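Counted the way the UniProt record's numbering counts, the sequence shown spans residues 1 to 356.
We put the CB at the ideal spot given by N, CA and C, even for glycine.
Since this is a predicted model, take the numbers as computed values, not measurements.
Written below as structure tokens is the structure these notes are about.
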Amino acid sequence: MVLHNFTDSSKLVATMASLSPLMDCGFNEDTISMAISSLYFLLFIPALIINGVAVWVCMQLRSTSTFMVYLKNLLAADLLMTLTIPVKAAKILPSAPLTLKAFACRYSDVIFYLCMYMSIILLGLISLDRFFKIVRPCGRLLGQNLVFGKVLSASIWVVLLATNVIPTMILTNQDPTNKTKEFCMAMKSDAGQGLHGGVVKLNNAIFWVVCVLIFVCYICIARKVFQSYRKSGSSNDEGRHKTKVRVFLVLVVFLVCFGPYHSIRIFYTSLQDTSTTSCTNVTLRICKEITLWMSAMNVCLDPLIYFFLCKSFRINLFKMLCLSPGTSSWLTGRGPNTIEDQTPTQEGDSCACTEN
1 MVLHNFTDSS KLVATMASLS PLMDCGFNED TISMAISSLY FLLFIPALII
51 NGVAVWVCMQ LRSTSTFMVY LKNLLAADLL MTLTIPVKAA KILPSAPLTL
101 KAFACRYSDV IFYLCMYMSI ILLGLISLDR FFKIVRPCGR LLGQNLVFGK
151 VLSASIWVVL LATNVIPTMI LTNQDPTNKT KEFCMAMKSD AGQGLHGGVV
201 KLNNAIFWVV CVLIFVCYIC IARKVFQSYR KSGSSNDEGR HKTKVRVFLV
251 LVVFLVCFGP YHSIRIFYTS LQDTSTTSCT NVTLRICKEI TLWMSAMNVC
301 LDPLIYFFLC KSFRINLFKM LCLSPGTSSW LTGRGPNTIE DQTPTQEGDS
351 CACTEN
């Protein structure tokens, strides 16, 4: 589930190097590698600051709802992914030493994809949680049970680590020198290469299943929100617009970060097993590397979810920044007669207005 073709960056170099000198695709290997590496380095500093602040704020919040449990796990995944970005950026550089590439192949890239797919799963769980609280606010379901949320989150981490991360690290133990395969694949044993193929398929399945789940949840949520506005007769267009933004924020972050990468993979995978190398292969590989960077952008976009969907997070953040509480209402557009005001919340919920 986790190791989602972590060899792609080094494959870019290998594929372009294997092109015939007569085949001019209009790409410069070193320029592309430098550009992609720079994008990762530019992403790292703001991601580290944003997630560092988010960690500080969340440390002061109690996990009294499933929503908060999922948010904290998402924050942990984002922070861990952020710490792998410098290594990922450095190993793409043309002058990167082999020891750094080997470390990235065996360890840091595996953690990168662990966090990526953990984030995808958690965004699906957050969407399901919001569905329960907005569309079916009455009654307590198993999915809204706090203990269930904690056990489920911990179980997903354990399953991903035990079935994919640890086996991948163990099976990526070969000497890659004097081999015709690209660097990371050459480090894998035969069993590791078999595991890699299965993991890629499972990762694709995880994304598309979660994608369908999120779409279904937000179609239902949208209907409920629009019905609420029609019943309330509210004429506050600005507040209505901001409420729509909050309602669909998870969907937007999910599609912007992960949609392009997995869409490109549909076309890329169909050409991956072909024996011939063409400009189409190279173009798709470059597009996939760029969209993979877009997937890493979720470490900067996920904090928007914490801010707009969790009232207690906003309150603590504004206290830290010495801003007035009125700033929160102005930014989020929360007012009376909205779906959030009509939706009951769990008793004692520190993130009580998860739809606020």
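Alpha helix (DSSP H) segment containing residue i, residue limits
i	result
Asp-129	109-134
Asp-78	66-92
Pro-46	29-58
Ala-104	Premise fails: Ala-104 is in no alpha helix (DSSP H) and is neither H nor E.
Cys-184	183-186
Pro-167	166-171
residue 357	Since the first and last residues shown for the chain are 1 and 356, residue 357 lies out of range.
Leu-61	Counting along the chain, Leu-61 falls outside any alpha helix (DSSP H), and DSSP gives it neither H nor E.
Asn-145	Asn-145 -> no alpha helix (DSSP H), and no H or E assigned at all.
Ser-312	311-320
For residue j and residue i, the rounded distance between their alpha carbons
i	j	result
Phe-44	Pro-303	15 Å
Pro-94	Leu-160	32 Å
Gly-194	Asn-28	32 Å
Gly-198	Leu-71	29 Å
Ile-290	Tyr-107	22 Å
Ile-219	Val-135	10 Å
Ile-166	Thr-172	10 Å
Leu-74	Ser-119	6 Å
Phe-112	Phe-41	15 Å
Gln-227	Ser-37	47 Å
Ala-76	Leu-83	11 Å
Gly-52	Ser-278	43 Å
Pro-21	Thr-280	Per-residue confidence for Pro-21 stands at a pLDDT of 39, beneath the threshold of 50, marking its modelled position as unreliable; no derived number is given.
Ser-295	Trp-208	15 Å
Lys-133	Asn-204	29 Å
Ile-305	Val-247	10 Å
Cys-25	Glu-182	20 Å
Ser-275	His-196	Summary for Ser-275: the model assigns pLDDT 49, below 50, so the residue's position carries little reliability, and this model does not support an answer.
Lys-224	Ile-315	27 Å
Lys-231	Gly-192	58 Å
Pro-97	Lys-319	45 Å
Val-212	Leu-251	11 Å
Pro-176	Val-158	30 Å
Ala-104	Lys-311	38 Å
Val-200	Asn-164	11 Å
Gly-335	Ala-162	Note that Gly-335 scores 47 on pLDDT, short of 50, meaning its location in the model is unreliable; the coordinates nonetheless yield the value given after this. Taking the straight line joining both Cα atoms gives about 46 Å.
Gln-144	Cys-322	34 Å
Ile-221	Gly-259	21 Å
Tyr-229	Phe-148	33 Å
Met-23	Ile-50	Caution applies to Met-23, whose pLDDT of 49 falls short of 50 and renders its modelled position unreliable; the model cannot decide the point.
Cβ separation of residue i and residue j, assumed to be a contact under 8 Å, to the nearest whole Å
i	j	result
Cys-115	Met-81	4 Å
Cys-257	Leu-301	6 Å
Ala-102	Met-169	About 12 Å; that fails the 8 Å criterion.
Lys-88	Leu-100	Incorrect: roughly 10 Å between the Cβ atoms, too far for contact.
Ala-47	Ile-85	7 Å
Trp-293	Leu-39	5 Å
Ser-155	Gln-174	Rounded, the Cβ-Cβ distance is 32 Å, inconsistent with contact.
Proximity below 8 Å, CB of residue i to CB of residue j
i	j	result
Leu-255	Leu-309	no
Asp-109	Thr-66	no
Leu-284	Tyr-268	yes
Leu-61	Phe-313	yes
Ile-214	Tyr-117	no
Cys-184	Phe-131	no
Leu-317	Val-57	yes
Val-69	Lys-150	yes
Val-210	Ile-121	yes
Ile-32	Ile-286	yes
Val-299	Asp-78	yes
Lys-288	Ile-264	yes
Leu-152	Thr-64	no
The ligand MG heavy atom lying under 7 Å from the CB of residue i
i	result
Ala-90	This structure lacks the ligand MG; in fact it carries no ligand of any kind.
Any chain D beta carbon closer than 8 Å to residue i
i	result
Thr-66	Of the protein chains in this structure there is only one, and it is not chain D.
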